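Written below as structure tokens is the structure these notes are about.
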Ligand code: FAD
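In structure tokens, the structure reads:
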């Protein structure tokens with residue numbers, strides 16, 4: 001930076017800023033200093049022209065390279081599209097960046113005004129490559145040095161916030177999105193109910209809403225599904241990292257699953273009474289640990305006071321001894337690092353309390369659809385979900401932010417198709433076809449050539465079928481909301497029924513004649529699954545025909561884990577179907593049909 005050039009000095013402060021408000025403050029100051037107004041890529045070009053010293057230029061060349069990708073049509077692909085993004089978590093910010101590169105106007109709302117999560121996220125190779133290409137190292141020098149493949153949530157948010165601002169995303173903090181307001185007359189557009197209601201943004205009219213409000217928040221119209229797995233209690237904790245020599249030397253633990261290291265967990269249990277399924281340790285701003293603990297050991301160590309059947313009461317604050325929880329987490333951390341981290345001291349969370357939390361991962365939620373269209377007075381709004389509100393991640397597996405970024409790219413691709421005038425049903429059908437793949441993705445089954453990744457799904461998912469769900473299968477259902485589940489028409493139902501009959505023929509106790517009572521015992525579904533190769537190693541002998549709910553639960557789990565087919569009904573609902581042709585069951589079975597084709601072998 002030129003000494004004495006105030007804009008350069010402000011820009012350097014912006015690059016280093018370590019708090020959300022500080023980043024926004026520096027950016028405003030910078031724009032004022034340079035006399036720059038407006039937003040979008042125009043603002044980006046203004047900044048580039050005004051800041052042309054070496055350090056800034058190195059960043060521009062990275063961002064220019066990114067912006068030059070053909071998918072963006074030189075920032076014109078979505079010119080004229082107005083987007084509202086809800087949530088400045090990693091996924092909302094990442095989606096906002098893509099929309100800005102596409103040339104859309106992007107307004108992003110965040111209800112909070114600070115980034116306070118110390119917890120550390122695992123990054124897949126493509127996310128590391130992606131963040132580097134956005135200039136991550138310029139904003140955070142320690143970004144993924146050496147073999148490091150993780151980052152704290154708050155540092156990730158800071159990096160993405162800075163990139164978003166530079167690309168002209170309009171970021172507003174302390175504004176909460178509360179719902180959609182349809183246009184009041186033919187000339188008007190969709191806008192949002194906001195808190196505070198005095199926010200000038202209540203007048204902002206948009207045609208795309210990307211919701212990235214995290215695990216608990218989805219806008220009206222989206223249905224959430226719960227998957228109940230086996231009991232899983234997660235504990236996260238952070239300790240202060242003083243970056244001393246001793247601390248630097250202690251090795252990280254990336255995912256010691258119980259099955260792979262039984263001896264370690266046995267020793268831990270023998271020595272301390274702590275019984276874990278897994279533990280992960282990452283070093284970042286803090287020493288971060290995440291572990292899945294067995295209920296019995298939490299009871300024995302006095303962390304959970306009383307055993308209760310339902311998980312919510314089990315982990316309710318009045319049933320948890322905080323001090324015992326702190327000791328439990330610290331003891332596990334000490335043991336698993338061989339007592340080599342001297343004087344572990346808890347880092348503080350945003351409430352200034354020791355940063356230790358216990359979470360329930362037994363019940364995970366996901367959205368049934370990734371996108372919807374609403375229409376009123378002839379005006380349409382496209383709604384898309386990204387991040388945790390689309391699929392809640394299981395933290396110890398570290399899949400959250402990678403799948404979150406994949407969904408952010410997919411959502412941007414959808415907006416590009418929308419802006420190109422593709423018919424809404426086609427846009428939705430394509431989006432749902434891609435969404436089907438999301439829960440099965442891993443670094444191993446996504447394309448290896450991460451430098452080629454773009455918002456185009458074909459660059460990321462091998463052999464993706466963008467028409468797995470047909471536009472004709474998307475049910476427009478009148479005006480709003482448009483449901484995109486692959487509900488079949490009459491003819492398709494008949495075809496599906498004969499396929500189910502053929503696939504289950506010859507199994508004792510199975511006679512498929514409809515889409516309800518024929519399936520309640522679970523035996524028909526069992527026969528269907530059993531017919532296909534992936535189930536060969538499964539032990540179906542343990543099935544107890546008397547316990548239909550348990551049978552269904554097992555089958556739903558197998559289908560989800562091995563085929564990525566999400567349950568549409570709960571095991572209890574499956575076991576008690578009565579209505580003549582249950583649409584949810586048809587939807588569910590049609591996924592099997594899509595995967596296994598016309599006739600099973
Ligand atoms: P989030 O990061 O949750 O961001 C959502 C944002 O939307 C938030 O900033 C929120 O304030 C804002 N928001 C919500 N509703 C509204 C609204 N109505 N209006 C305006 N803004 C709104 N994952 C791991 O892998 N390991 C961990 O240890 C871990 N720890 C976590 C700890 C906590 C307390 C939380 C909440 C999440 C944690 N996660 C962890 C999950 C991880 O943070 C996410 O997978 C990742 O950040 C991507 O999430 P996201 O961007 O979809 O949502």
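In the UniProt record's numbering, the protein residues as written are 1 to 601. C-beta: ideal position from N, C-alpha, C; glycine also. Note that the structure is a prediction, hence the values are computed from the model and not measured.
Distance between residue j and residue i (C-alpha atoms, nearest Å)
| i | j | result |
| --- | --- | --- |
| residue 216 | residue 290 | 21 angstroms |
| residue 90 | residue 114 | 13 angstroms |
| residue 484 | residue 326 | In this prediction, residue 484 scores a pLDDT of 34, lower than 50, which makes its location untrustworthy; the coordinate-derived value is nonetheless stated afterwards. Approximately 45 angstroms between the Cα atoms of the pair. |
| residue 369 | residue 229 | 21 angstroms |
| residue 602 | residue 264 | With the chain running from 1 to 601 in the structure shown, residue 602 is simply not present. |
| residue 324 | residue 305 | 10 angstroms |
| residue 239 | residue 13 | 28 angstroms |
| residue 566 | residue 555 | 11 angstroms |
| residue 277 | residue 354 | 24 angstroms |
| residue 319 | residue 310 | 12 angstroms |
| residue 611 | residue 407 | Outside the modelled stretch of the chain, which goes from 1 to 601, sits residue 611, for which no answer is possible. |
| residue 452 | residue 438 | 19 angstroms |
| residue 267 | residue 44 | 56 angstroms |
| residue 546 | residue 516 | 18 angstroms |
| residue 612 | residue 411 | The structure shown does not extend to residue 612, since the chain is modelled only from 1 to 601, so the question has no answer here. |
| residue 203 | residue 210 | 18 angstroms |
| residue 377 | residue 213 | 28 angstroms |
| residue 317 | residue 297 | 18 angstroms |
| residue 76 | residue 420 | 11 angstroms |
Run of the alpha helix (DSSP H) containing residue i, from where it starts to where it stops
| i | result |
| --- | --- |
| residue 13 | 6-16 |
| residue 272 | 262-272 |
| residue 374 | It is not in any alpha helix (DSSP H) - residue 374 instead sits in the beta strand (DSSP E) that spans 371-376. |
| residue 31 | 20-34 |
| residue 435 | 424-438 |
| residue 312 | 311-314 |
| residue 41 | 40-50 |
| residue 573 | 571-575 |
First and last residue of the uninterrupted beta strand (DSSP E) at residue i
| i | result |
| --- | --- |
| residue 172 | 170-173 |
| residue 191 | 191-195 |
| residue 530 | Per DSSP, residue 530 belongs to no beta strand (DSSP E); it is in the alpha helix (DSSP H), 523-530. |
| residue 234 | 233-240 |
| residue 287 | 286-293 |
| residue 61 | It is not in any beta strand (DSSP E) - residue 61 instead sits in the alpha helix (DSSP H) that spans 54-67. |
| residue 403 | Segment 400-419 is the alpha helix (DSSP H) holding residue 403; no beta strand (DSSP E) there. |
| residue 586 | No beta strand (DSSP E) holds residue 586; the alpha helix (DSSP H) holding it covers 583-596. |
| residue 245 | It is not in any beta strand (DSSP E) - residue 245 instead sits in the alpha helix (DSSP H) that spans 245-249. |
| residue 178 | 176-181 |
| residue 447 | Premise fails: residue 447 is in no beta strand (DSSP E) and is neither H nor E. |
| residue 365 | 363-367 |
| residue 280 | 276-283 |
| residue 379 | 379-385 |
| residue 520 | Run containing residue 520: none; DSSP gives neither H nor E here. |
| residue 226 | 224-228 |
| residue 211 | 208-211 |
Classification of residue i by the beta-carbon crowding that lies within 10 angstroms, buried from 16 upward
| i | result |
| --- | --- |
| residue 474 | buried |
| residue 508 | exposed |
| residue 367 | buried |
| residue 300 | exposed |
| residue 98 | buried |
| residue 434 | buried |
| residue 54 | exposed |
| residue 84 | buried |
| residue 603 | The displayed coordinates of the chain run from 1 to 601. Any statement about residue 603 would go beyond what the structure contains. |
| residue 518 | buried |
| residue 119 | buried |
| residue 28 | exposed |
| residue 81 | buried |
| residue 374 | buried |
| residue 18 | exposed |
| residue 164 | buried |
| residue 423 | exposed |
| residue 524 | buried |
| residue 436 | buried |
| residue 246 | exposed |
| residue 117 | buried |
CB contact below 9 angstroms: residue i versus chain B
| i | result |
| --- | --- |
| residue 280 | This model lacks chain B altogether, as it is built from one protein chain only. |
### Task
Could you name each continuous beta strand (DSSP E) segment of 3 residues or more that falls completely within the segment 320-360, going from the start of the chain to the end?
Qualifying beta strand (DSSP E) stretches, in chain order: 356-360.
### Message
To test your reading of the DSSP string, which unbroken alpha helix (DSSP H) runs of 4 or more residues are found completely within the segment 80-158?
### Response
Qualifying alpha helix (DSSP H) stretches, in chain order: 90-101, 125-133, 136-139.
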